[in-house]
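When we follow the numbering used here, the leftmost residue of the sequence shown carries the number 1443, and every step to the right adds one.
Note that CB positions come from ideal geometry on N, CA and C, so glycine has one too.
For reference, the structure discussed in these notes is given below.
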Amino acid sequence: MTFSEKLRSAMNKVKKANHGRMAELSTGEKVIKVVLILIKVSVVAFILMLFGVVILAIAAAVGIMNAITGGVNDQINRSWNYHHRPRNW
């Protein structure tokens, strides 16, 4: 048996083993099972972090747009008020 065949058979055995049959696994197979669980957890955590980054990017873009439009509106109001100020002639 080549190394890849041994690894593949160990992976198949690990995938079929549930929590009750963990004692039947060898030490290497237990390590493989733990690594598989950690990979699944890290993939889920990575996906959640991506969602968080997207949400933060959207929030930052909305905040920047609000600041820009707010500044423009303030300038328009100041200009309007200046040109329509009462003249005490």
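Notebook entry, point to check: From residue 1444 to residue 1453, what distance separates their C-alpha atoms?
Noted result: 14 Å
Notebook entry, point to check: Exposed or buried, residue 1475, counting other C-beta atoms within 10 Å across all chains shown (16 or more means buried)?
Noted result: buried
Checklist line | Coil, strand or helix - residue 1529 by DSSP | finding: coil
Next item on the list: Excluding the 5 residues preceding and the 5 following residue 1449 in the sequence, name in chain order all residues of the same chain whose CB lies nearer than 7 Å to its CB.
Entry: none
Margin query: Tell me the rounded alpha-carbon separation between residue 1472 and residue 1497.
Written below: 38 Å
Next item on the list: Please go through the same chain and pick out, in chain order, the residues whose beta-carbon is closer than 6 Å to the beta-carbon of residue 1517, but skip the five residues on each side of it.
Entry: none
Margin query: Could you tell me the alpha carbon to alpha carbon distance between residue 1528 and residue 1510, rounded to whole angstroms?
Written below: 29 Å
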